[in-house]
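Participant:
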Amino acid sequence: MNKHRVAGRIEVNGIVQGVGFRPFIYNLALRHGLKGEVSNTSAGVAIVVEGSAGHIDAFAADISAAPPPLAHVVEVSRQSIPVNGYTAFRIVQSKADTAMATLISPDVSVCEDCRRELFDPNDRRYRYPFINCTNCGPRYTIIDDIPYDRPKTSMKHFEMCPQCQQEYDDPLNRRFHAQPNACPVCGPHVSLFDRDRNRVDGADPIRETARLLRQGRIIAIKGLGGFHLAVDAVNTAAVRRLRSKKQREEKPFALMTADIARIRQFARFDAAEQRLLTSIQRPIVLLRKREPNSIAVDVAPRNRYFGVMLPYTPLHYLLLDQGFTALVMTSGNLSEEPIAIDNEDAIRRLSSIADYFLVHNRDIYLRSDDSIVRCAAGETRLIRRSRGFVPVPVFLRQKVPAVLACGAELKNTICLTRGNQAFVSQHIGDLENTATEDFFRLTIRHMQRILKIEPEILAYDLHPDYLSTRWALEQEGVQKAAVQHHHAHVVSAMAENRIDGPVIGLAFDGTGYGSDGAIWGGEALVADEQKFDRAAHFAYLPMPGSTAAIKQPWRMGLSYLYAAYGDALEDLPLPFLRGIDGARVTIILEMIKKRINAPLTSSLGRLFDGVAALAGLRNEVAFEGQAAMELEMMAASSADYSYDCHWTSGAPAQIPTAPIIRAVVEDLLQGTAPALISARFHLTLVRLFTDLCDHLRRDTGLTRVVLSGGVFQNATLLGGLVRALEDKKFKVYTHTQVPANDGGLSLGQAIIAATTATRSQIA
Ligand code: ZN
Ligand code: ZN
Ligand code: FE
23 MNKHRVAGRI EVNGIVQGVG FRPFIYNLAL RHGLKGEVSN TSAGVAIVVE
73 GSAGHIDAFA ADISAAPPPL AHVVEVSRQS IPVNGYTAFR IVQSKADTAM
123 ATLISPDVSV CEDCRRELFD PNDRRYRYPF INCTNCGPRY TIIDDIPYDR
173 PKTSMKHFEM CPQCQQEYDD PLNRRFHAQP NACPVCGPHV SLFDRDRNRV
223 DGADPIRETA RLLRQGRIIA IKGLGGFHLA VDAVNTAAVR RLRSKKQREE
273 KPFALMTADI ARIRQFARFD AAEQRLLTSI QRPIVLLRKR EPNSIAVDVA
323 PRNRYFGVML PYTPLHYLLL DQGFTALVMT SGNLSEEPIA IDNEDAIRRL
373 SSIADYFLVH NRDIYLRSDD SIVRCAAGET RLIRRSRGFV PVPVFLRQKV
423 PAVLACGAEL KNTICLTRGN QAFVSQHIGD LENTATEDFF RLTIRHMQRI
473 LKIEPEILAY DLHPDYLSTR WALEQEGVQK AAVQHHHAHV VSAMAENRID
523 GPVIGLAFDG TGYGSDGAIW GGEALVADEQ KFDRAAHFAY LPMPGSTAAI
573 KQPWRMGLSY LYAAYGDALE DLPLPFLRGI DGARVTIILE MIKKRINAPL
623 TSSLGRLFDG VAALAGLRNE VAFEGQAAME LEMMAASSAD YSYDCHWTSG
673 APAQIPTAPI IRAVVEDLLQ GTAPALISAR FHLTLVRLFT DLCDHLRRDT
723 GLTRVVLSGG VFQNATLLGG LVRALEDKKF KVYTHTQVPA NDGGLSLGQA
773 IIAATTATRS QIA
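By the working numbering, the letter at position 286 of the sequence shown is numbered 308, and the numbering carries on one by one without gaps.
Put into structure tokens, the structure is as follows:
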């Protein structure tokens, strides 16, 4: 034996099972001329290698450098062990393989190898819409229980043919233990139906679908995590028809395009955005429109962005290969309901919208919408975290008890914790109808089952009327913890950045129930994982008509005007006031003055709405945040100055809105362009909150600032604030793993409940 031979044991933790990790290690060991073995353990993968120290170093470095696409390496540890004298490198089949608490991989896009085979006429899977391998394909959406084995997936109905079985059994094959492995002989297939459930004849249902799309038809297409509704995106009549049938007046539709070159025809993107587009998660990426373009205007009306994704299933590739500039691919649901996943259910619910149904017989067990991301302030920002990302956990800085957090009302997600892992569910939706409520309960059951988590603690929002709160309160035999909304936002961002408190937390959103019963949303907190102090907030003012004021920003416009001018507001020669019926103005002013159905709010989201209304952008919105979004989009690229605004001392300090509103009104009366007003307004917020953080730092000594809440989807505000705070030597933490909006709230709830419970046990 070579006397320079040494031995090492390397353990790799994370998502490293069922993703081709052992074959990857095998090949890597051969490349570095090492002997030894690799096996699965309960925590991940264990490797024993023998050879020269230099080769082992290089081998270890390569593990983290380029793991298989579906692997998610969290930790690599290494120790020296005695040399055993291995004569080869081998993959050890561990007996306990199937009983391991392994992490389930998300559903990801078809890999390059499979895509090449898909379009190779000599391949036995040529044009087969369900081609996949260990590196790609469905996972989370087809699993019903663990261990992740074929009988526990919706592939259980398909017995592998001998050729597929052979691939499945060969450790060196790309399809070794690929549970969804299939081919045209043994696997699922697609078929096309009209809305009366008649099968449409034709040799190739996908080519037939393309033909119908070109005719302007609406097709419901079964995908990975649910149905899409598709139309040809350059066909204005078809897009309009889809919009009116879906009762979706203005929310943008997502686009799917065959390749990057085609996206360039109608949208702009940089290298970072291209990386997002082509990432294995294949999210919808928000990209600036290129004008002029051939996409129908109704795809994303009054919006500077298109939501664009590349194909992610073999079926999508086959369809997009038929020569479309782009297809609209919007989620297959009625407005506000969960996306359809079941063939029967889809035909029942979508036959009023779709002309045809392209379905297949591989069941989807758990729906998962397309994820939505954008680049802002140099990082990836998740707007909706779903397919491709779930169920990859957020890895926490410490171990926590098992918690189930129920999330908020809108953009609901739930979160389950286990050890140092927090599993945030896919996007569930707005808990405003029974269909979504059913999906909420189903997701809780499903995730508890596949993650084997029995929660000891339930965390829920303070809001007494949230359906998620009511559900939590109905549960028995479990400890419960109510969590304040904005505290949860701040701790959510702390958790994904693996920091503990105390920090200065800026939590800006539309609506969240405050500890005093008012509606908060423009909050500066001093917070840790257990508690918070409300250091400052926007001064309260009435929301006339409560939630009606969210749908009708002009009501907020009046409320801000009243706070700034009192009764004198009616003398202002503002186009905004002339645009509203006088009788309605009188009624709303009465509600404001007498506080009738007018809860108090400190929300920054509402201030955006109000300024947008005053600036003449829109008086009514089709979805929450629309006016605020349009105000951001129209902002001039830079502002010459900011409006004067200062908080008043007190605990908590109050930030009056009147100075900002008066400055906006003066600008409007002088005929200043709304684009410039918007830019000045953004700069005002950046300076105001940078100064406030500076002030809080002097009081508390805290130098770390955490930014969270739905308002931080605003890239101008986020980018401006990060830069300004960093210029003042603050360390700034933002969201990059979960959404800043309420989709990330359940993570913060879980950590607060877990930490509070742990501390109270010690005390
Ligand atoms: Zn593949
Ligand atoms: Zn087969
Ligand atoms: Fe919120």
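Beta carbons: idealized from backbone N, C-alpha and C, even for Gly.
Is residue 481 close to ligand 3? I mean its beta-carbon at under 8 Å from any heavy atom of the ligand.
Facilitator: In the sequence shown, counting from the first residue as 1, residue 481 sits at position 459. The answer is no for residue 481.
Participant: Got a sec, what are the start and stop residues for the beta strand (DSSP E) residue 114 sits in?
Facilitator: The residue you call residue 114 lines up with position 92 of the sequence shown. Careful: residue 114 lies outside any beta strand (DSSP E) and carries neither H nor E.
Participant: For residue 501 and residue 495, I'd like the C-alpha separation in whole angstroms.
Facilitator: The residue given as residue 501 occupies position 479 in the sequence shown. The residue given as residue 495 occupies position 473 in the sequence shown. Using only the alpha carbons, I get a separation of about 10 Å.
Participant: From residue 46 to residue 63, what distance separates their C-alpha atoms?
Facilitator: For the purposes of this step, residue 46 is identified with residue 24 of the sequence shown, where counting begins at 1. For the purposes of this step, residue 63 is identified with residue 41 of the sequence shown, where counting begins at 1. Cα to Cα, residue 46 sits roughly 16 Å from residue 63.
Participant: Specify the secondary structure class of residue 35 as computed by DSSP and reduced to three states.
Facilitator: Counting from one through the sequence shown, the residue named residue 35 turns up at place 13. Residue 35: strand per DSSP, three-state reduction.
Participant: Taking DSSP as the reference, what is the three-state secondary structure of residue 136?
Facilitator: Counting from one through the sequence shown, the residue named residue 136 turns up at place 114. Note: residue 136 maps to helix in three-state DSSP.
Participant: Can you list, in chain order, the residues of its chain whose CB lies under 6 Å from that of residue 756, leaving out five sequence neighbours each side?
Facilitator: Residue 756 sits at position 734 when you count from the first residue of the sequence shown. Taken in chain order, the residues that qualify are 729.
Participant: To the nearest angstrom, how far is the alpha carbon of residue 142 from that of residue 151?
Facilitator: In the sequence shown, counting from the first residue as 1, residue 142 sits at position 120. In the sequence shown, counting from the first residue as 1, residue 151 sits at position 129. About 13 Å.
Participant: Apart from the five residues on each side of it in sequence, which residues of its chain come closer than 6 Å, Cβ to Cβ, to residue 344?
Facilitator: Translated into the one-based positions of the sequence shown, residue 344 becomes position 322. The answer, listed in chain order, is 232.
Participant: Going by DSSP, name the residue or residues bridged to residue 669.
Facilitator: Against the sequence shown, residue 669 aligns to sequence position 647. Answer is none; residue 669 lacks a bridge partner.
Participant: The beta strand (DSSP E) with residue 441 in it runs from where to where?
Facilitator: Numbered from its first residue, the sequence shown carries residue 441 at position 419. Residue 441 -> beta strand (DSSP E) spans 437-446.
Participant: Could you tell me which residues DSSP puts in a beta bridge with residue 378?
Facilitator: Along the sequence shown, one-based indexing puts residue 378 at 356. Looking at the DSSP assignment, residue 378 forms a beta bridge with 216, 241.
Participant: Cα-Cα, which of 241, 307, 748 is closest to residue 217?
Facilitator: In the sequence shown, counting from the first residue as 1, residue 217 sits at position 195. Closest option to residue 217, Cα to Cα, is 241.
Participant: Ends of the alpha helix (DSSP H) at residue 616?
Facilitator: On the sequence shown, residue 616 is found 594 positions in, with the first residue counted as 1. First-last of the alpha helix (DSSP H) with residue 616: 604-616.
Participant: Between residue 33 and residue 526, what straight-line distance do the alpha-carbon atoms span, to the nearest angstrom?
Facilitator: As a working note, residue 33 is residue 11 in the sequence shown. As a working note, residue 526 is residue 504 in the sequence shown. Straight-line Cα distance between these residues: approximately 38 Å.
Participant: Work out the CA separation of residue 581 and residue 643 for me, nearest whole Å.
Facilitator: As a working mapping, residue 643 is identified with position 621 in the sequence shown. As a working mapping, residue 581 is identified with position 559 in the sequence shown. Their backbone Cα atoms lie some 17 Å apart in a straight line.
Participant: Classify residue 55 as buried or exposed, calling it buried when 16 or more other Cβ atoms lie within 10 Å of its own Cβ.
Facilitator: Residue numbering aside, residue 55 sits at position 33 when the sequence shown is read from its first letter. It counts as exposed.
Participant: State the Cα-Cα distance for the pair residue 210 and residue 444, rounded to the nearest angstrom.
Facilitator: Counting from 1 along the sequence shown, the entry for residue 210 is found at position 188. Counting from 1 along the sequence shown, the entry for residue 444 is found at position 422. Whole-angstrom Cα-Cα distance: 34 Å.
Participant: Name the two residues that bound the continuous alpha helix (DSSP H) containing residue 676.
Facilitator: Within the sequence shown, numbered from 1, the residue matching residue 676 stands at position 654. Segment 675-677 is the beta strand (DSSP E) holding residue 676; no alpha helix (DSSP H) there.
Participant: Check residue 656 in the structure and name its three-state DSSP category.
Facilitator: Taking the sequence shown and counting its residues from 1, the one referred to as residue 656 is at position 634. Correct three-state label for residue 656: coil.
Participant: Going by the C-beta, is residue 201 closer than 8 Å to any heavy atom of ligand 2?
Facilitator: Residue mapping note: residue 201 aligns to position 179 of the sequence shown, counting from 1. The answer is no for residue 201.
Participant: I need the DSSP call for residue 509, collapsed to helix, strand or coil.
Facilitator: Counted from its first residue, the sequence shown places residue 509 at position 487. Note: residue 509 maps to helix in three-state DSSP.
Participant: Count the other C-beta atoms from every protein chain shown that fall within 10 angstroms of the C-beta of residue 491, then say buried if there are 16 or more, exposed otherwise.
Facilitator: If you number the sequence shown from 1, residue 491 lands on position 469. Residue 491 is buried by the Cβ-count criterion.
Participant: From the DSSP output, which residues share a beta bridge with residue 564?
Facilitator: Taking the first residue of the sequence shown as position 1, residue 564 is located at position 542. 622, per the DSSP bridge assignment.
Participant: Using CA atoms only, rank isn't needed, just tell me which of 128, 634, 645, 563 is closest to residue 616.
Facilitator: Along the sequence shown, one-based indexing puts residue 616 at 594. The candidate whose alpha carbon is nearest that of residue 616 is 563.
Participant: Looking only at its own chain, which residues have a Cβ that is under 8 Å from the Cβ of residue 17, when we skip the five neighbours before and after it?
Facilitator: Given that the chain is displayed from residue 23 to residue 785, the structure contains no residue 17 and the question cannot be resolved.
Participant: Does the Cβ of residue 767 lie closer than 8 Å to at least one heavy atom of ligand 3?
Facilitator: For the purposes of this step, residue 767 is identified with residue 745 of the sequence shown, where counting begins at 1. Residue 767: yes, Cβ under 8 Å from ligand 3.
Participant: If residue 408 sits next to residue 470, beta carbons under 8 Å apart, how far is it from one beta carbon to the other, in whole angstroms?
Facilitator: Residue mapping note: residue 408 aligns to position 386 of the sequence shown, counting from 1. Residue mapping note: residue 470 aligns to position 448 of the sequence shown, counting from 1. Not confirmed; about 19 Å, so no contact.
Participant: How about residue 40: is its Cβ closer than 8 Å to a heavy atom in ligand 1?
Facilitator: Locating residue 40 in the sequence shown gives position 18, where the first residue counts as 1. For ligand 1, not one heavy atom lies less than 8 Å from the Cβ of residue 40.
Participant: Of the residues 335, 691, 337, 287, which one's Cα is nearest the Cα of residue 793?
Facilitator: Outside the modelled stretch of the chain, which goes from 23 to 785, sits residue 793, for which no answer is possible.
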